[in-house]
Amino acid sequence: MTGLDVIFILLALMTGGAAILTVISRNLVHAALFLATTLAGIGAIFILMRADFVGLVQIVVYVGAITVLFLFGLMLTRAPIGREALDSRSQPMALAVSATLFVVLTTLIVLAFGDVASTEPTGVPITELGTAIFSEWVFPFEVVSMLLLAALVGAVLLARRDSGESGEEADVEIILDALPTPADVEADRREAAAELAHPDNVTASPQASGGGQ
Amino acid sequence: MTLIGPLVLASFLFCVGLYGVIARRNSVLVLMSVELMLNAVNINLVAFQSLLHGDDAAVTGQIFALFVIVVAAAEVGIGLAIVFNMFRNRASIDIDDADLMRW
Chain A
151 MTGLDVIFIL LALMTGGAAI LTVISRNLVH AALFLATTLA GIGAIFILMR ADFVGLVQIV
211 VYVGAITVLF LFGLMLTRAP IGREALDSRS QPMALAVSAT LFVVLTTLIV LAFGDVASTE
271 PTGVPITELG TAIFSEWVFP FEVVSMLLLA ALVGAVLLAR RDSGESGEEA DVEIILDALP
331 TPADVEADRR EAAAELAHPD NVTASPQASG GGQ
Chain B
103 MTLIGPLVLA SFLFCVGLYG VIARRNSVLV LMSVELMLNA VNINLVAFQS LLHGDDAAVT
163 GQIFALFVIV VAAAEVGIGL AIVFNMFRNR ASIDIDDADL MRW
């Protein structure tokens, strides 16, 4: 067992624990932050496997952007923060299905790759990665860029309100009629000034009348 | 570094994500669990590239991982837009309330 394995086991424990907390947390914002921890741990594991570029992209895209998007989603939908009843009735079935799948997958993995010798991870220089993207994988790269563009336009179209709600012009004349004209404002100001001066008269006149009696 | 470790971690994360998808009711939390499952696949891809096929000149594993990250980002954008629409129409983002097309 090498030092890399020890670091990997520590990172895996952190990542797995944060993943479990993500799906059982009662507080939605805590769940999003645990998800960020999980994704950062996965990025660290990428870097440990000497896939530096993928690890950094993981941290920038997931921890930086997607977690913030999720937090916006939680806040904008006025989610019941800290309330119970987040789990559906199918929780026992979900536990059974995922536990069974985990046992099956782990058995298959050990059967298939149990005899692979432990090797040092081989890193790929970033120049080689770029060359591969823009020579061998250039067509899939362009297709993926079109996919991102379509997703962007689709998300804007879906999240926008109907054009009737925000596209109608308000009736400006009615608003202008309701607003006070400059002459009204001037009259109001004079009235207010007169009222400010008036209390002196009110307090002075009883004294004068009292003195008269 | 053994190959078994990352693969078992990936299958564990995938199963945790699957549990979240089935058990949670809030749609944003379901989307988060889907992200966990996609990331588990990414761990597999990078582990195979780095520990089993290090001599691959086309760097297939890492480039597929990058493509999966792009698709996941697009999926989150569209998914959250759909969730916002659902919240606007039904004032709730519970999965159980989205039963308009239930048979």
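So the protein sequences, as listed, match chains A and B. Numbering-wise (the working numbering), the first sequence opens with residue 151 and increments by one. Numbering-wise (the working numbering), the second sequence opens with residue 103 and increments by one. We put the beta carbon where it would ideally sit given N, CA and C, even for glycine. All values derive from a computational prediction rather than experimental measurement.
CB-CB under 6 angstroms to Val213/A, same chain, minus the five flanking residues each way: which ones, in chain order? In the same chain as Val213/A, and ignoring 5 residues on each side of it, the C-beta atoms closer than 6 angstroms to its own belong to Ala186, Leu189 and Ala190, in chain order.
Classify Phe184/A as buried or exposed, calling it buried when 16 or more other Cβ atoms lie within 10 Å of its own Cβ. Taking a 10 Å sphere around the C-beta of Phe184/A, we find 16 or more other C-beta atoms and assign the residue as buried.
Inter-residue spacing [alpha-carbon to alpha-carbon] between Ala201/A and Val161/B: CA-CA distance, Ala201/A to Val161/B, rounds to 10 angstroms.
Contact list for the region 243-259 of chain A against chain B, Cβ threshold 8 angstroms: Flagged, chain order: Met243, Ala244, Leu245, Val247, Ser248, Ala249, Leu251, Phe252, Leu255, Thr256 and Ile259.
Would Thr277/A pass as an interface residue toward chain B - the criterion being a Cβ-Cβ separation below 8 angstroms? With 8 angstroms as the cut-off, Thr277/A does not count as an interface residue toward chain B.
Limits of the alpha helix (DSSP H) - the one that Tyr212/A falls within: Note, Tyr212/A: premise wrong, no alpha helix (DSSP H); not H, not E.
By alpha-carbon positions, which one of Thr104/B, Phe114/B and Met103/B ends up nearest to Gly247/A? In the sequence as presented, Gly is not what sits at residue 247/A; that position holds Val. Minimum Cα distance to Val247/A is reached at Phe114/B.
Check for me: the alpha helix (DSSP H) holding Asp155/A runs from which residue to which? Start and end: Gly153 to Ile174.
Closer than 8 angstroms, Cβ to any Cβ of chain A: which residues of the region 127-157 of chain B, in chain order? With the criterion set as a beta carbon lying under 8 angstroms from some beta carbon of chain A, the members of the region 127-157 of chain B are Arg127, Asn128, Val130, Leu131, Leu133, Met134, Ser135, Glu137, Leu138, Asn141, Asn144, Ile145, Val148, Ala149, Gln151, Ser152, Leu153, Leu154, Gly156 and Asp157, in sequence order.
Confirm, please, whether the CB-CB distance from Leu279/A to Gln164/B is below 8 angstroms. Against a cut-off of 8 angstroms, the Cβ pair of Leu279/A and Gln164/B comes out as a contact.
Assign Arg339/A to one of two classes, buried (16 or more other C-beta atoms within 10 Å of its C-beta) or exposed (fewer than that). The residue is exposed, with fewer than 16 neighbouring Cβ atoms inside 10 Å.
Would you tell me roughly how many angstroms separate the C-alpha atoms of Ala181/A and Ile276/A, rounded to the nearest one? Distance between the alpha carbons of Ala181/A and Ile276/A: 34 angstroms.
Would you mind sorting Thr152/A into buried or exposed? The rule is 16 or more other CB atoms within 10 Å of its CB. That one is exposed.
Give the DSSP-derived three-state secondary structure of Arg127/B in the structure shown. Taken through DSSP and simplified to helix, strand or coil, Arg127/B comes out as coil.
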